[in-house]
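What follows is a single structure, written as structure tokens, with notes after it.
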Amino acid sequence: MPSGSPISVPTRRVRIGAASMSRLASDRSPLLPSGRPTMRTIFAAFLFLWASIATARADDESHRFSLSYDVQLTGIPVMSLDVQALLAPDRYALRTYLFTYGVLDWLFRFRNESATDGVIAGERVRPARYTTMGIWRGSARSADLTYRDGGALDVDIRPEIKDDDRDPVPEALRLNTIDPLSAIVLTNLTSRRDSPCPGIAPVFDGRRRYNVKLELVGPEVLEAGSGGIAVGSAIKCLLSVEPIAGYQKSRPQQKRPPSELWFQRMLDDTVWVPVLIQGDSFFGGFTATLRAFATRRDI
7 MPSGSPISVP TRRVRIGAAS MSRLASDRSP LLPSGRPTMR TIFAAFLFLW
57 ASIATARADD ESHRFSLSYD VQLTGIPVMS LDVQALLAPD RYALRTYLFT
107 YGVLDWLFRF RNESATDGVI AGERVRPARY TTMGIWRGSA RSADLTYRDG
157 GALDVDIRPE IKDDDRDPVP EALRLNTIDP LSAIVLTNLT SRRDSPCPGI
207 APVFDGRRRY NVKLELVGPE VLEAGSGGIA VGSAIKCLLS VEPIAGYQKS
257 RPQQKRPPSE LWFQRMLDDT VWVPVLIQGD SFFGGFTATL RAFATRRDI
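Residue numbers (our numbering): 7 to 305.
Structure follows, in structure tokens:
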């Protein structure tokens, strides 16, 4: 895909709040969503799908853009992800909306909206607040993290840990961590400008503590017919998630092979955008392809 020529598509703003939660719970449209434990492998991959969008950010530039992805499980279209991003020299804001449709929506209805806002200081990010809300088979799940000075944070989650078949993450493991979306920016800032990886980030999402690692594989060529809008030269990386604490007791974590991600530069070579991801989940192999990329005036 030629750099500097974003595809303009209609976009919508994702708002996180009570109204959004009510809409998620009541909406039964096949083009909106449902999923949870077995969906988490895919969801974690999505949170880092575009893990290098800020790597090539110029010091005096701000970028606002949206991304839309389609997802297939074993070749069947089942899910969509919408992303909205603001990346500026001193701050960032990210919004995601993930939902199932079709057969998977009928079996495991899943919707999730997540948002983070924070500041950038040199090679460090400081999230201010992270929120995530979702619906799994009609049951609401949410987490609200507020970050304090000294690396501590306030956590409000529903359902509570004692009702969720898991042990709480010890305070010592929560200190100086960041949320999943802020990890995207941290990975970018510590990456090389000529590549969207490598990088590593310590993550706490309100329930689980894990590390996310990106490793460089090298340049590859995406052929026409790979799906999505991207063809031509790309950079391939591997994404690994290392579980540490806070996982459900009844679902022991099994180590999965790394997911594969391919990135291309857009916006006149200033922004790395993930255009293809392939990986493994409880449901089987999945593939996510970039369907649309557009600049925005706001998010």
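Idealized CB from N, CA, C, for every residue including glycine.
Evaluate Val227 with the Cβ neighbour count: other Cβ atoms within 10 Å of its Cβ, from every protein chain shown; 16 or more gives buried, anything less gives exposed.
exposed
Considering only residues of the same chain and omitting the five flanking positions on each side of Ser74, which have a CB-CB separation below 6 angstroms?
Asp88, Arg297, Ala298
Using 10 angstroms around the beta-carbon of Thr183, count the other beta-carbons present and answer buried if the total reaches 16, otherwise exposed.
Thr183 is buried by the Cβ-count criterion.
Do you know whose CA, among Phe288, Val279, Asp286, lies nearest Gln90's CA?
Val279
In chain order, what residues of the same chain lie with their CB nearer than 7 angstroms to the CB of Ile82, ignoring the 5 residues before and after it?
Val109
Enumerate, from N- to C-terminal direction, the unbroken beta strand (DSSP E) stretches of 3 or more residues contained entirely within the stretch 136-188.
145-153, 159-164
Determine the burial state of Asp171: buried for a count of at least 16 other Cβ atoms within 10 Å of its Cβ, exposed for fewer.
Here Asp171 is exposed. Its C-beta has fewer than 16 other C-beta atoms within 10 Å.
Using the beta-carbon count (16 or more within 10 Å), is Trp268 buried or exposed?
buried
Under 8 angstroms, do Val77 and Phe292 count as touching if we go by C-beta distance?
yes
Stretch pair the stretch 138-145 + the stretch 117-126: three plus CB contacts closer than 8 angstroms:
yes
Flag this pair as yes or no: are the beta carbons of Arg213 and Gly252 separated by less than 8 angstroms?
yes
How would you call Asp160, buried or exposed, if buried means at least 16 neighbouring beta carbons within 10 angstroms?
exposed
Which value, in whole angstroms, describes the spacing of the CA atoms of Val175 and Lys255?
13 angstroms
Cβ atoms of Pro264 and Leu245: under 8 angstroms apart, would you say?
yes
Quick one: residues in its chain with C-beta nearer than 6 angstroms to the C-beta of Arg215, no 5 flanking neighbours on either side, listed in chain order?
The beta carbon of Arg215 is closer than 6 angstroms to those of Val175, Leu179, Ile250, Ala251, Gly252 in its chain, skipping five residues each way along the sequence.
Taking the alpha carbon of Thr122 as the point to measure from, which residue in Glu129, Arg135, Ile241, Leu181 has its own alpha carbon closest?
Arg135
Spatial distance of Asp342 from Glu166 (CA atoms)
Outside the displayed range of the chain (7 to 305) lies residue 342, so it cannot be described from this structure.
Where are the alpha helix (DSSP H) runs, 4 residues long or more, that stay fully inside the stretch 83-126, in chain order?
108-113
Classify Gly124 as buried or exposed, calling it buried when 16 or more other Cβ atoms lie within 10 Å of its own Cβ.
buried
Grab me the residues of Leu192's own chain with a C-beta within less than 8 angstroms of its C-beta, minus the 5 sequence neighbours each way, in chain order.
Around Leu192, the same chain offers Arg130, Val131, Ile184, Gly205, Ala207 as residues with beta carbons nearer than 8 angstroms, after the five sequence neighbours per side are excluded.
Nearest-angstrom Cα separation, counted from Asp286 out to Ser86
17 angstroms
Kindly indicate which three-state DSSP category Val227 falls into: helix, strand or coil?
strand
Please look up how many angstroms separate the CB atoms of Leu113 and Ile190, rounded, as I've assumed it's under 8 angstroms.
In fact, because the Cβ distance is near 30 angstroms, the residues do not count as touching under 8 angstroms.
Which of the three DSSP states is assigned to Gly23 in this structure?
With a pLDDT of only 38 at Gly23, under the threshold of 50, the placement of this residue in the model should not be trusted, and no figure is reported.
Taking only the alpha-carbon atoms, compute the straight-line gap between Thr106 and Val84 and give it to the nearest angstrom.
6 angstroms
Work out the CA separation of Cys243 and Glu221 for me, nearest whole Å.
Distance between the alpha carbons of Glu221 and Cys243 is about 5 angstroms.
State the CB to CB distance for the pair Ala230 and Leu282, rounded to an integer number of angstroms; the pair is presumed to be in contact (CB under 8 angstroms).
That belief does not hold up - the Cβ atoms of Ala230 and Leu282 are roughly 13 angstroms apart, past 8 angstroms.
For the beta strand (DSSP E) containing Lys242, name the first residue and the last one.
238-251
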